[in-house]
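A short worksheet on the structure shown next.
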Amino acid sequence: MGVGIGDSIITADARELVIDEVDQLRAQQYDLLAVLLGRPPNGALLDALKGLKGGDSVLGREVGILGEAAAATSEAAAKREYFALFVGVGRGELLPYASYYLTGFLNERPLARVREDLTALGIERDPSMTEPEDHIAILFDVMGGLTSGRFTAGPDAARDLFLRHIAPWGMRFFTDLERARAARFYRSVGALGRAFLEIEAAAFAMDA
26 MGVGIGDSII
36 TADARELVID
46 EVDQLRAQQY
56 DLLAVLLGRP
66 PNGALLDALK
76 GLKGGDSVLG
86 REVGILGEAA
96 AATSEAAAKR
106 EYFALFVGVG
116 RGELLPYASY
126 YLTGFLNERP
136 LARVREDLTA
146 LGIERDPSMT
156 EPEDHIAILF
166 DVMGGLTSGR
176 FTAGPDAARD
186 LFLRHIAPWG
196 MRFFTDLERA
206 RAARFYRSVG
216 ALGRAFLEIE
226 AAAFAMDA
C-alpha cells in the first residue's frame, strides 16, 4: 500500500515524538548518574532504585542490576561506601574530575575549558556548590539539562560538551569505579555509567 501525504505527516509527527521521548530517557539517565555521583544516596533514593526493572538491552540489564544492588544495601552502608570512594580521609579512592584524569592534577586546564564552555552556554555555577565544574556529577547534570531542554542552547551543545569534556575520560572513570576496592553498590553504578557512555558515544558518532 502506498504512503500518502497525510500518512507522511503522521509518520513525521510520530518520529518527532519518539525522538522527544528518547531524549527525555537520556536526560533521566544523566540526572540519575549525576545524583548518585554527586552525593551519597539517601533511603528514599535507594527505595526508588529498588523498583527499577531491567530489560533485554545492555543498558536495561545494567538498570536491573542497579535495582538489585540497591535492594542489597542500606542507607548507612551506601554512605560509608560513597565516603570511601569519593571523599576519604585526605582523599577518596577515586578523584572524579576531568583535570585529574587528563593531566594527573586537580584544577588544571581541563577545568578552565569546562568553565569557558559553560560560560558560553550561559550556565552559571551555583554559589553553594563546593565542587569544581569538571566533577563528573556536574558535567552529567549539565548534560541532563541540555538533553531535556532545561537549558536553552543550540542543537549541537550537548554533543559538543560530551565530546570535549566527558568522552576523553568518562569511560576510564566508570571502569575504575567498577573495579574500585571500596565499591559494592557503586560497582553497579560504574557498570551502568560505562554502558550508557558507550551508547552515547556511538550515537554522537553517528550524528557527526
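Residue numbers (the numbering used here): 26 to 233. The beta-carbon is built from N, C-alpha and C at its ideal position, and this holds for glycine as well.
Taking all protein chains shown into account, Leu50 has fewer than 16 neighbouring C-beta atoms within 10 Å of its C-beta and is therefore exposed. Per DSSP, the beta-bridge partners of Tyr122 are His160.
Close CB contacts of Ala178 within its chain, under the 6 Å cut and outside five residues either way in sequence, are with Leu146, Leu171 (chain order). The distance from the Cβ of Leu74 to that of Ala103 is about 10 Å, inconsistent with a contact at the 8 Å cut-off.
Ranking Tyr107, Phe198, Asp56 by CA distance to the CA of Tyr122 puts Phe198 first. Asp72 is the residue among Asp72, Arg175, Ala109, Pro135 whose C-alpha sits nearest the C-alpha of Glu93.
Taking 9 Å as the cut-off, the beta carbon of Arg189 is found no closer than this to the beta carbon of Glu203. Counting only runs that start and end inside the segment 167–215, there is no beta strand (DSSP E) element of at least 3 residues. Residue range 100–107 is occupied by the alpha helix (DSSP H) that includes Lys104.
Contact check for Thr144 against Pro135 fails: the beta carbons are separated by 9 Å or more. DSSP places Leu143 in the uninterrupted alpha helix (DSSP H) bounded by 134–145. In this structure, the straight-line span from the alpha carbon of Ile90 to that of Leu58 is close to 14 Å.
Ser124 counts as buried, since at least 16 other C-beta atoms from the protein chains shown sit within 10 angstroms of its C-beta.
The alpha-carbon separation between Ala101 and Arg150 amounts to approximately 30 Å.
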